[in-house]
Structure formats: C-alpha cells, structure tokens
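Numbering (my numbering), first residue to last: 185 to 434.
Cβ coordinates follow ideal geometry from the N, Cα and C atoms, glycine included.
Shown next, in structure tokens, is the structure this report addresses.
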Amino acid sequence: MNRTKIYYKKSTKFRSPVMIVGLPGIGSVGSLVAEYLRNELGAKRFATLYSPHFIHQTIMLKSGYTRLISNRFYSKDTKKGTVIILLGDTQAATPEGQYEINETIVKFFKKLGGKTLYTIGGYSSGGQYVHSPKVFGVATDKQTKDTLSKKGVLFGQTNGAIWGSAGMIVTFAKKHKIHAACIMGETGALEIDANSARAVLETIKNILGISINLENIDKIKKETDRMIKEIEDSQKLQEAPHKENFPYIR
C-alpha cells in the first residue's frame, strides 16, 4: 500500500447523504460524538480507509487477531436522508498525509452524492474545566452559517487555527463545492470531555432532525462533574489559610 485507499460496498444506497466526521482530537470531542451517534443510530459500516500516512501500528483484538489502523465510514437512513458517520483510530501523522487523506475523504463523500458535511472538534478555552460549554462553528458559506446559527452554533467568537482533519476536511469541502462547517465544543483540562461532547450532540441532533437518547452520555457527564467538583474542593482546601490546632483525623 503506497497511497490512501478506501474499500467500500458499492451496493450501498444513499439518500441526500450528510456526513458527520469525528476523529481523535482535543478533548476527544469528535470521537465521542461520532461513536455515540453510531451506537445510538445503529449505523452499519460500509467503507474503510487505510493509509500509509497513519502511524505504524496494528490494533490487538479480544478475539486474538489484529487489524490495521483505519478510519471507518458508517451509514444510517433517517426520515430526512442518510447520515454518514466517519470515525477512526487516528489521523495522519504527517502534513503530507493530512492533505492526501482529507481530500480523499471529501472526494469519496462527493462521489456518494454528498453535498453537506460537518466535522466535529474541541475548542480549547484554557486549562480550566468548562461546566457549561458553548458550541462554536466556522463555515464554508453564508447558507451553512445561517442554518447553523439558527440551531445555536456561535460564529465569530473563536480565533487561531484548526489542526488536522476537523479543519482541513472543511477547507477541501469548499474546494469541491460542498457545504461544510466545523462544529466545536468548548473544552479544557480534560483528555476526554463528555460534557463538551454532550453539548455538541444536542446541537447535532437538532441540525439533523433526528431523535437520539442522550441518557448514557448524561451519566458520563454527571460522573465527570462529580469528579471535577471533588478536585476543585480539594484544591480549595489546600489553598485555605493554615490555622493552629487544626483537627486531623488519622
């Protein structure tokens, strides 16, 4: 394998497909959203992307076998059309790989008849945990921006650069005349931010007009909130002025 390849079931049918891209990144927001959508919708895999630009690893399976690092496409028909979900183990490890893989993804989606896609990422607000995360966005065109603004996505409140697939897929989508946006959950301090992912899922649910149960991610969010509160309380205790004769229980 000397270049990026996508193997897919050519018999799969799509109706006005919209793609959600959630690959590993800041706060694992994209990965959490994509995995949750796949599970809740019961989406089935129809294509797999392999590339020599991925890190040189294989995944060990519980079955005792192994598989190559990959990105995977899933699909599910809804009342409004087909939802395609792209998730995976990793992103390209080199700038050259980022260009090749991300444009390959966009060309593949266009070949399937896709005209609208959304990438999911995290927007870092610093080192503090965000209790009530906002959902930010950048878009390729006014129509997409206006549509998402009505769904609560905030535009013009972010700055800096978007690293990796979340930004590059949107850029290549514009090149290939596909409506696109990067939707970012505000995050900070956590490697896996279920709170931010929950905020994005609520937004995606409204954008796609689908019904999904958020009960499971609510449980994760509550556990995260509890853990963060314990850490914050511990920090406050450590920062409290020292007093003489402070009672200790040993």
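Practice task
Could you tell me which residues DSSP pairs with D261 in its beta bridges?
Solution key: Along the sequence shown, one-based indexing puts residue 261 at 77. Partner(s): T266.
Practice task
Please report the residue range of the alpha helix (DSSP H) in which Y192 lies.
Solution key: As a working note, residue 192 is residue 8 in the sequence shown. Element bounds for Y192: not the alpha helix (DSSP H) but the beta strand (DSSP E), 189-192.
Exercise for the section: Please work out which residues of its chain come closer than 8 Å, Cβ to Cβ, to L338, disregarding the five sequence neighbours upstream and downstream, and give them in chain order. Expected result: As a first step, residue 338 is located in the sequence shown; it is residue number 154 there, counting from the start. Excluding sequence neighbours, L338 sits near K318, V319, F320, G321.
Handout entry: DSSP state of I367 mapped onto helix, strand, coil
Key = The sequence position of residue 367 within the sequence shown is 183, counting from 1. The answer is strand: DSSP assigns I367 an E or B state.
Practice task
Go through its chain and collect everything with a Cβ distance to E224's Cβ below 7 Å, but skip five positions before and after it.
Solution key: On the sequence shown, position 40 is the one that residue 224 refers to. Cβ within range, chain order: I396, N397.
Exercise for the section: Taking K295 as part of the alpha helix (DSSP H), name the residues at either end of that continuous run. Expected result: Mapped onto the sequence shown, residue 295 falls at position 111. Its alpha helix (DSSP H) spans residues 279-295.
Exercise for the section: Classify G311 as buried or exposed, calling it buried when 16 or more other Cβ atoms lie within 10 Å of its own Cβ. Expected result: For this step, residue 311 is matched to residue 127 along the sequence shown. Exposed, by the Cβ-count rule.
Exercise for the section: Report yes if the CB atom of I304 is closer than 8 Å to the CB atom of G211, and no otherwise. Expected result: As a working mapping, residue 304 is identified with position 120 in the sequence shown. As a working mapping, residue 211 is identified with position 27 in the sequence shown. No, the Cβ-Cβ distance between I304 and G211 is not below 8 Å.
Exercise for the section: Could you work out which residue in N286, G369, K189 is closest to S308 when comparing CA atoms only? Expected result: To locate residue 308, count along the sequence shown from 1; it is residue 124. Ranking N286, G369, K189 by Cα distance to S308 puts G369 first.
Handout entry: Residue span of the alpha helix (DSSP H) that contains S254, given as start and end
Key = Along the sequence shown, one-based indexing puts residue 254 at 70. Looking at the DSSP string, S254 is not in any alpha helix (DSSP H), and its letter there is neither H nor E.
Handout entry: C-alpha distance - F293 paired with L271, whole-angstrom precision
Key = Indexing the sequence shown from 1 puts residue 293 at position 109. Indexing the sequence shown from 1 puts residue 271 at position 87. Cα-Cα distance, rounded: 14 Å.
Handout entry: Residue range of the alpha helix (DSSP H) that includes Y313
Key = Residue numbering aside, residue 313 sits at position 129 when the sequence shown is read from its first letter. That residue, Y313, is in no alpha helix (DSSP H); it is neither H nor E in DSSP.
Handout entry: Contact belief for S254 with D273 at Cβ below 8 Å, rounded distance in angstroms
Key = On the sequence shown, position 70 is the one that residue 254 refers to. On the sequence shown, position 89 is the one that residue 273 refers to. Confirmed, Cβ separation roughly 6 Å.
Problem - Beta-carbon contacts of I391 that lie in its chain and below 6 Å, excluding the five residues immediately before and after - result: Locating residue 391 in the sequence shown gives position 207, where the first residue counts as 1. Excluding positions up to five away in sequence, the list reads K335.
Practice task
Assign L245 to buried or exposed, taking buried as 16 or more other Cβ atoms, counted over all protein chains shown, within 10 Å of its Cβ.
Solution key: Here residue 245 is taken as the residue at index 61 of the sequence shown, counted from 1. The residue in question, L245, is exposed, as its Cβ has fewer than 16 Cβ neighbours within 10 Å.
Problem - Residue environment, S316, which counts as buried when at least 16 other CB atoms sit within 10 Å - result: In the sequence shown, residue 316 corresponds to position 132, counting from 1. Exposed.
Exercise for the section: Write down every uninterrupted run of the alpha helix (DSSP H) in the region 332-405 whose length is 4 residues or greater and which is fully enclosed by it, in chain order. Expected result: 349-359, 378-392
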